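Following: one structure in structure tokens, then a few remarks.
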Amino acid sequence: MTLARGLRSNYCGELGSGDIGAAVALCGWIDRIRDHGEHLSFIDLRDHTGIVQIVTPRRNDLRSEFVVRVTGTVANRPEGTINKTIATGEIEIHDGEIEILSSAATLPFSIDDRLDVEEITRLRYRFLDIRRDKMQRNLRNRALVNSAIRRSLEAQGFTEVETPMLWTPTPEGAREFLVPSRLQPGNFYVLPQSPQIAKQLLMVGGFDRYYQIARCMRDEDLRADRQFEFTQLDLEASFVTQEDIFAFIGGAIAEIVEVTRNVQINEIPRMTWFDAMDKYGVDKPDLRFESPLIDVTEILSPLGVRAFSAPTIKALLAPVRESFTRSRLDALIDRAKALGAKGLAYFKVVEEEDRLAFESPLAKFLEEAPTLSLIERLGAEAGDTIFVVADEWKVATTVLGQIRLELGKELVSHDQLAFTWIVDFPLFDGLDESGKPISAHHPFTMPHADDFEFLESDPLRVRSQSYDLVLNGWELGSGSIRIHRPDIQSKIFQIIGVTDEEAQSRFGFLLDAFKFGAPPHGGFAFGIDRIAAIMSGEDNIREVIAFPKTQSGLDPMTDAPKPVDAATLKNVGLTLAPKK
RNA sequence: GGACCUGUGGUGCAGCUUGGAGUGCACGCCGGCCUGUCAAGCCGGAGGCCGCGGGUUCAAAUCCCGUCAGGUCCGCCA
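Sequential numbering of the first sequence, starting at 62, is according to the numbering used here.
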């Protein structure tokens with residue numbers, strides 16, 4: 062098969078000294094014109110592969126960003142004019158015929174990665190913003206992620222199946238986008254927040270190993286790592302254990318990292334949810350740096366100091382040895398309070414005579430023995446600072462964990478990739494007002510085999526067969542082994558207080574399906590926007606989405622969302638309530 | 001729903017603390033010069049609802065209140 066070349070013979074960026082003398086036809090945008098007078102001017106022609114220099118007499122009819130087709134001859138640059146900073150810097154195009162395919166008004170900003178433009182302006186003119194190298198690279202990287210996923214999963218026996226975008230409301234979980242029905246006025250579809258139930262039905266349907274690069278929609282507030290609509294690799298497999306899921310996903314991740322970063326990764330390590338919380342104060346720890354939270358309850362609790370009268374006392378050796386100023390410490394204390402702690406204690410480790418001591422408002426409460434054992438426990442040296450939070454376990458760990466992240470920011474780089482599986486999540490996440498346990502994941506998650514006996518006696522102790530994949534402190538995705546037996550499912554519904562009638566009206570079709578021979582199955586889904594962002598070194602998924610929304614859900618380019626006229630509303634059986 | 005930061009020619013900033021003429025810088029744009037530049041250079045020029053509304057004041061880009069928009073975060077995201 063020959064590659065169709067269209068109006069061009071070559072791409073700009075692929076020409077080199079091997080093409081000297083070749084007659085070429087190039088298409089692209091005028092990046093820049095350097096006019097040296099009537100007899101000489103240089104035109105940089107740009108396409109997505111790079112830039113090539115055209116040498117021509119002055120052309121007053123050309124401007125930046127005009128779209129042109131250039132025919133000419135590839136020639137060596139004269140001695141001393143080679144530009145080593147660009148790939149095509151050894152050659153240039155001579156005797157060019159320049160045909161204007163399209164003129165261009167002056168752009169609102171230049172197509173140049175070196176210049177910063179406010180994001181709102183970039184989004185208003187996104188079609189120009191994505192001409193920039195960085196955006197070209199990011200979106201093409203993202204395409205590599207998608208193809209890596211397809212290659213890896215198909216090699217592992219998965220079949221891609223598409224599921225409906227118009228789905229049925231399930232009044233739980235994330236808020237759904239509503240779609241009014243024209244043929245059934247007054248009734249609504251929703252856009253899927255995930256293909257969760259559909260893929261479980263595919264398992265009942267015998268597909269065995271399903272995957273999909275699926276668009277999901279959630280009508281929740283937006284963040285750096287969250288858009289209304291996002292894309293996930295969604296997969297589900299039958300007759301598998303958690304180990305198999307790890308292998309499937311591990312394979313896809315390895316392929317993604319290979320094609321986007323050109324590095325091989327080792328097997329992804331695992332950590333239990335409890336250890337993650339206890340050591341890092343968060344269920345998505347950033348393991349690019351260590352600095353664990355250390356339990357010092359035994360050391361500080363016996364002192365009878367009021368500030369340390371709490372069930373759990375956690376300490377953190379500041380990840381960076383720096384001299385914290387009074388105002389910096391105050392800011393950290395305010396931050397800890399804002400996060401829900403009663404306070405944040407700090408101890409500067411100083412050399413005093415021939416031994417180490419603390420410099421701290423609380424130092425006077427610590428004799429030499431506890432001081433030294435604290436220093437030893439943390440492995441601190443002179444110049445270090447130790448932070449301490451005393452509170453309930455959950456508060457102490459999460460607050461100090463957040464402080465850890467903020468202090469560690471300067472240590473981490475986009476070049477590092479620290480993956481980890483988080484396993485053994487609790488099945489329930491606390492109790493609701495009526496004392497019923499709340500499902501931590503979704504109510505179809507299989508309890509841990511060892512914990513069935515506690516389902517009724519001590520539900521909060523029950524672990525689930527669910528797991529998250531974490532990369533550099535971002536939750537990439539999560540999954541679980543599902544409940545496939547109606548008796549276990551009924552029991553879970555009973556425990557969380559969902560009546561048979563409710564269950565039937567919400568998920569009746571799924572429960573029905575499970576009556577007809579459901580294989581044991583489980584799956585996973587991870588966010589492609591997120592992994593693409595991290596692989597491209599971005600900390601914001603909008604940088605890997607062609608046309609994203611702003612934080613308030615607007616599209617500055619199209620001005621969506623917009624009002625529609627009364628007739629359009631009437632068509633779908635809607636009238637607008639008066640504005641308040 | 002809440003917290004914090006931001007909004008000044010087309011673009012990016014400074015000016016705001018301590019009110020005094022739209023003052024300044026860089027890029028871009030327009031015109032001119034220039035035969036080896038490459039983010040070309042030099043000379044000249046145009047371009048402003050200081051987000052919007054209100055208040056204080058003799059006087060507001062600057063102080064106060066409100067509002068809109070952008071960002072980060074909390075809540076929310078089974």
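Even glycine gets a Cβ: it sits at the ideal position worked out from N, Cα and C. Note that the structure is a prediction, hence the values are computed from the model and not measured.
Requested in this report: Grab the span of the beta strand (DSSP E) containing residue 157 for me, first residue to last.
Outcome: Taking the first residue of the first sequence as 1, we reach residue 157 at position 96. Per DSSP, the unbroken beta strand (DSSP E) holding residue 157 starts and ends at 152-163.
Query - Nearest residue (CA-CA) to residue 224, options 582, 173 and 294 - result: Locating residue 224 in the first sequence gives position 163, where the first residue counts as 1. Nearest C-alpha to residue 224: 294.
Requested in this report: Identify which residue in 318, 426, 91 and 603 has its Cα closest to the Cα of residue 124.
Outcome: For the purposes of this step, residue 124 is taken as the residue at position 63 of the first sequence. Taking residue 124 as reference, the option from 318, 426, 91 and 603 with the minimal CA-CA separation is 91.
Query raised in the report: Between residue 623 and residue 615, what straight-line distance do the alpha-carbon atoms span, to the nearest angstrom?
Result: Counted from its first residue, the first sequence places residue 623 at position 562. Counted from its first residue, the first sequence places residue 615 at position 554. Cα-Cα distance, rounded: 10 Å.
Query raised in the report: Which residue or residues does DSSP assign as beta-bridge partners of residue 104?
Result: Within the first sequence, residue 104 is the residue found at index 43, counting from 1. According to DSSP, residue 104 bridges with 94 and 115.
Requested in this report: Pull up the distance between the alpha-carbon of residue 632 and that of residue 247, whole angstroms please.
Outcome: Numbered from its first residue, the first sequence carries residue 632 at position 571. Numbered from its first residue, the first sequence carries residue 247 at position 186. Approximately 10 Å between the Cα atoms of the pair.
Query raised in the report: Under the three-state reduction of DSSP, which class applies to residue 500: helix, strand or coil?
Result: To locate residue 500, count along the first sequence from 1; it is residue 439. In this structure, DSSP gives residue 500 an extended state, which the three-state scheme calls strand.
Query - Buried versus exposed call for residue 328 [16 or more other C-beta atoms within 10 Å across all chains shown] - result: By 1-based counting over the first sequence, the position of residue 328 is 267. Residue 328 is exposed by the Cβ-count criterion.
Query raised in the report: Based on the DSSP output, what are the partners of residue 222 in its beta bridges?
Result: Locating residue 222 in the first sequence gives position 161, where the first residue counts as 1. Listed as beta-bridge partners of residue 222 by DSSP are no residues whatsoever.
**Report entry** Through-space distance from residue 256 to residue 297, alpha-carbon basis
**Finding:** Mapped onto the first sequence, residue 297 falls at position 236. Mapped onto the first sequence, residue 256 falls at position 195. The straight-line gap from Cα to Cα measures roughly 10 Å.
Query - Whole-angstrom distance between residue 349 and residue 269, CA atom to CA atom - result: Residue 269 sits at position 208 when you count from the first residue of the first sequence. Residue 349 sits at position 288 when you count from the first residue of the first sequence. C-alpha separation (whole angstroms): 36 Å.
Query raised in the report: To which residues of the same chain is residue 566 closer than 7 Å at the C-beta, ignoring the five residues directly before and after it?
Result: Taking the first residue of the first sequence as position 1, residue 566 is located at position 505. Answer for residue 566: no residue qualifies.
Query - Outcome for residue 253 when other beta-carbon atoms lying within 10 angstroms are tallied against a minimum of 16 - result: As a working note, residue 253 is residue 192 in the first sequence. Residue 253 counts as buried, since no fewer than 16 other beta carbons sit within 10 angstroms of its beta carbon.
Query raised in the report: Whole-angstrom Cβ separation of residue 588 and residue 540, contact assumed at under 8 Å?
Result: Here residue 588 refers to the residue found at position 527 of the first sequence. Here residue 540 refers to the residue found at position 479 of the first sequence. At roughly 12 Å, the Cβ-Cβ gap does not stay under 8 Å, so residue 588 and residue 540 are not in contact.
**Report entry** Identified DSSP bridge partners for residue 73
**Finding:** Within the first sequence, the letter at position 12 stands for residue 73. Its beta-bridge partners do not exist; DSSP assigns none.
Report task. Find out if the Cβ-Cβ distance for the pair residue 265, residue 505 is shorter than 9 Å. Result -> Position 204 of the first sequence, counted from the first residue, corresponds to residue 265. Position 444 of the first sequence, counted from the first residue, corresponds to residue 505. No, the pair does not count as a contact, with Cβ atoms beyond the cut-off.
Query raised in the report: Cα separation between residue 376 and residue 450?
Result: Here residue 376 refers to the residue found at position 315 when the first sequence is read from its first residue. Here residue 450 refers to the residue found at position 389 when the first sequence is read from its first residue. Each residue's alpha carbon lies about 7 Å from the other.
**Report entry** Per-residue DSSP class, three states only, for residue 234
**Finding:** Reading the first sequence from its first residue, position 173 is the one you call residue 234. DSSP places residue 234 in coil when its eight states are reduced to three.
Report task. Could you have a look at residue 547 and say whether DSSP puts it in helix, strand or coil? Result -> Position 486 of the first sequence, counted from the first residue, corresponds to residue 547. Reduced to three states, the DSSP call for residue 547 is helix.
Query - Between the CA atoms of residue 530 and residue 219 - distance to the nearest angstrom - result: Counting from 1 along the first sequence, the entry for residue 219 is found at position 158. Counting from 1 along the first sequence, the entry for residue 530 is found at position 469. When only Cα atoms are considered, residue 219 and residue 530 end up about 20 Å apart.
Query - Close Cβ partners of residue 95 (< 7 Å) along its chain, the five nearest in sequence each way excluded - result: Indexing the first sequence from 1 puts residue 95 at position 34. Take residue 95, set aside five residues on each side of it, and the residues of its chain with a beta-carbon closer than 7 Å to its own are 102 and 103, in chain order.
Query raised in the report: Name the DSSP beta bridge partners of residue 601, please?
Result: To locate residue 601, count along the first sequence from 1; it is residue 540. Answer by DSSP bridge pairing: none, since residue 601 is not bridged.
Query - Contact belief for residue 440 with residue 342 at Cβ below 8 Å, rounded distance in angstroms - result: Numbered from its first residue, the first sequence carries residue 440 at position 379. Numbered from its first residue, the first sequence carries residue 342 at position 281. The C-beta distance from residue 440 to residue 342 rounds to 19 Å, too long to meet the 8 Å contact threshold.
Query raised in the report: At which residue ranges does the segment 269-297 contain complete alpha helix (DSSP H) runs of 4 or more residues, listed in the order of the chain?
Result: Entirely contained in the segment 269-297, not one alpha helix (DSSP H) run reaches 4 residues.
Requested in this report: Throw me the rounded Cβ distance for the residue 489 and residue 456 pair, which I believe falls under 8 Å.
Outcome: Locating residue 489 in the first sequence gives position 428, where the first residue counts as 1. Locating residue 456 in the first sequence gives position 395, where the first residue counts as 1. About 19 Å separates the CB atoms of residue 489 and residue 456; that is not less than 8 Å, and the two are not in contact.
**Report entry** Where the alpha helix (DSSP H) containing residue 304 begins and where it ends
**Finding:** Within the first sequence, the letter at position 243 stands for residue 304. Residue 304 -> alpha helix (DSSP H) spans 303-322.
Query raised in the report: Cβ atoms of residue 77 and residue 149: under 9 Å apart, would you say?
Result: Taking the first residue of the first sequence as 1, we reach residue 149 at position 88. Taking the first residue of the first sequence as 1, we reach residue 77 at position 16. Yes. Within cutoff.
Query - Nearest to residue 477 (by Cα), restricted to the options 596, 316 and 136 - result: For this step, residue 477 is matched to residue 416 along the first sequence. The shortest C-alpha separation from residue 477 is found at 596.
Report task. Name, in chain order, the residues that DSSP records as bridge partners for residue 512. Result -> To locate residue 512, count along the first sequence from 1; it is residue 451. DSSP lists no bridge partner for residue 512.
Query raised in the report: Taking one C-beta from the segment 229-238 and one from the segment 278-285 each time, how about it: are there three or more such pairs within less than 8 Å?
Result: Judged by Cβ distances under 8 Å, the segment 229-238 makes contact with the segment 278-285, as three or more pairs qualify.
Query raised in the report: Do residue 591 and residue 286 come within 9 Å of each other at the CB atom, strictly closer than that value?
Result: Position 225 of the first sequence, counting from 1, holds the residue named residue 286. Position 530 of the first sequence, counting from 1, holds the residue named residue 591. A contact, by the Cβ cut-off of 9 Å.
Report task. Tell whether a beta-carbon distance below 9 Å holds between residue 113 and residue 143. Result -> For the purposes of this step, residue 113 is identified with residue 52 of the first sequence, where counting begins at 1. For the purposes of this step, residue 143 is identified with residue 82 of the first sequence, where counting begins at 1. Contact: no.
Query raised in the report: If we ignore side chains and look at the alpha-carbon of each, how far apart do residue 221 and residue 272 end up?
Result: Here residue 221 is taken as the residue at index 160 of the first sequence, counted from 1. Here residue 272 is taken as the residue at index 211 of the first sequence, counted from 1. If you take the alpha carbons of residue 221 and residue 272, they lie about 5 Å apart.
Query raised in the report: From 136, 146, 166 and 140, pick the residue whose C-alpha is nearest to that of residue 157; which is it?
Result: The residue you call residue 157 lines up with position 96 of the first sequence. Nearest C-alpha to residue 157 among 136, 146, 166 and 140: 136.
Requested in this report: Have a look at 403, 423 and 428 and flag the residue whose alpha-carbon is nearest the alpha-carbon of residue 459.
Outcome: Counting from one through the first sequence, the residue named residue 459 turns up at place 398. The residue with the shortest Cα to Cα distance from residue 459 is 403.
Query raised in the report: Just reading off the beta strand (DSSP E) that residue 448 is part of, what are its end residues?
Result: By one-based count along the first sequence, residue 448 stands at place 387. First-last of the beta strand (DSSP E) with residue 448: 446-452.
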